[in-house]
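Q: Here you go, one structure.
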Amino acid sequence: MKQKIQEIYDKSHQNYGAPKITKQLNKDGEAIAERTVGIYMRQMGIKAQWIKPFTHTTIDPDFSLKLKNILDEQFNPEEPNAVWVSDITYIVTVNGFVYLTSIMNLFSRKIIGWILSRTLHAQHVVDCVNLAKQKRRIDKPLVFHNDRGTQYVSDAFKEATVDFINSYSKKGYPWDNACIESFHALIKREWLNRFVILDYQRAYRLVFEYIETFYNTVRIHSHCNYLSPDQYEEEFLEKLEKSLKIAG
1 MKQKIQEIYD KSHQNYGAPK ITKQLNKDGE AIAERTVGIY MRQMGIKAQW IKPFTHTTID
61 PDFSLKLKNI LDEQFNPEEP NAVWVSDITY IVTVNGFVYL TSIMNLFSRK IIGWILSRTL
121 HAQHVVDCVN LAKQKRRIDK PLVFHNDRGT QYVSDAFKEA TVDFINSYSK KGYPWDNACI
181 ESFHALIKRE WLNRFVILDY QRAYRLVFEY IETFYNTVRI HSHCNYLSPD QYEEEFLEKL
241 EKSLKIAG
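Using full-length UniProt numbering, the first residue of the sequence shown is number 1, and each one after it goes up by one.
Structure follows, in structure tokens:
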């Protein structure tokens, strides 16, 4: 059993604690309690490797009453691509800051678009939006939620999302965008903060590895009934296909 625990722990990049390892073991057919897994992990000298990030805050400049909060903390849409959320975070490198713009499909918590840039120009957000639109083949309005940073109130961003329903966090209330901000805290705590990152190229490789080979594809999430975001979306589509066949 300890060998299986070690395999799951290593596959998670040492990010899983007893609760997630227990869920994975149960999915694999092992009848074991979380308390027992925790005891084994203490005996093995392993635990979830969370590293606290350096805290940095920015002030959103545009608090216009015209920017409406459509999402209003409704974080559990019933289908994919009903709501996207976006945010920008910084990553510290030896050569200075780089900036990660991410877009999340709120239904599955999947990162459907991301851009790593050397500046905070609004065009990087626009590029990220266009990338997500291309990947998801979106041709219908959806709610696109973000904070009130200059990039998200720019004319270029508004043009890129003209067919969407724009939603903005309330003034000074970060909880309105909690899911994507939580992801940015997670990628730092579980992965980036382990490394001294030299430059943009190294940061890009680390972000790619976390999002594309772990977070979207492997990492189980309590919101997704302990499936990965990819698995959760696949399960939804399978159920939808079956229901359509029955209805037909």
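A virtual CB, placed ideally from N, CA and C, is assigned to each residue, including glycine. A quick note: this is a predicted structure, and the numbers were derived from the prediction, not measured.
(1) Are the region 115-124 and the region 178-195 in contact at 8 Å, needing three or more beta carbon pairs?
(2) M1 by DSSP, collapsed to three states: which one?
(3) Where does F236 fall in DSSP's three states?
(4) At a cut of 8 Å, does the region 143-160 reach the region 220-240 through at least three beta carbon pairs?
(5) Just to confirm the assignment: which complete alpha helix (DSSP H) runs, minimum length 4, are found wholly within the region 93-142?
(6) Counting along the chain, where does the alpha helix (DSSP H) carrying Y40 start and finish?
(7) Out of curiosity, what's the CA-to-CA distance linking D163 and G113?
(8) Considering only the beta carbon of each residue, do I115 and H124 sit closer than 8 Å?
(9) Which of the three DSSP states is assigned to S167 in this structure?
(10) Between Y9 and I46, which are expected to be in contact by the criterion C-beta below 8 Å, what is the C-beta distance as a whole number of angstroms?
(11) Using a Cβ-Cβ cutoff of less than 8 Å, which residues in the same chain neighbour K2 once the five nearest sequence positions on both sides are dropped?
(12) Looking only at its chain, what residues have a beta carbon closer than 8 Å to the beta carbon of K11, apart from the 5 residues adjacent to it on each side?
(13) I'd like the ranges of any beta strand (DSSP E) spanning at least 3 consecutive residues and lying wholly in the region 202-231.
(14) Among V129, S154, V92, Q24, whose alpha-carbon lies nearest the alpha-carbon of Q201?
(15) What's the gap between the Cα of R35 and the Cα of C128?
(16) Which residues bound the alpha helix (DSSP H) around R189?
(17) Taking the alpha-carbon of L240 as reference, which of V37, Y152, E79 has the nearest alpha-carbon?
(18) Just grab the DSSP bridge partners of I88 for me.
(19) For H145, which beta-bridge partners are listed by DSSP?
(20) Report the three-state DSSP secondary structure of N76 (helix, strand or coil).
(21) Rounded to whole angstroms, what is the Cα-Cα separation between K155 and A82?
A: In this structure, then:
(1) no
(2) coil
(3) helix
(4) no
(5) 122-136
(6) 34-44
(7) 18 Å
(8) yes
(9) strand
(10) 6 Å
(11) Y40, Q43, M44
(12) V218
(13) none
(14) V92
(15) 42 Å
(16) 178-190
(17) E79
(18) T101
(19) V85, S167
(20) coil
(21) Checking the sequence shown, residue 155 turns out to be Asp, not Lys. Spanning the two alpha carbons is a distance of roughly 23 Å.
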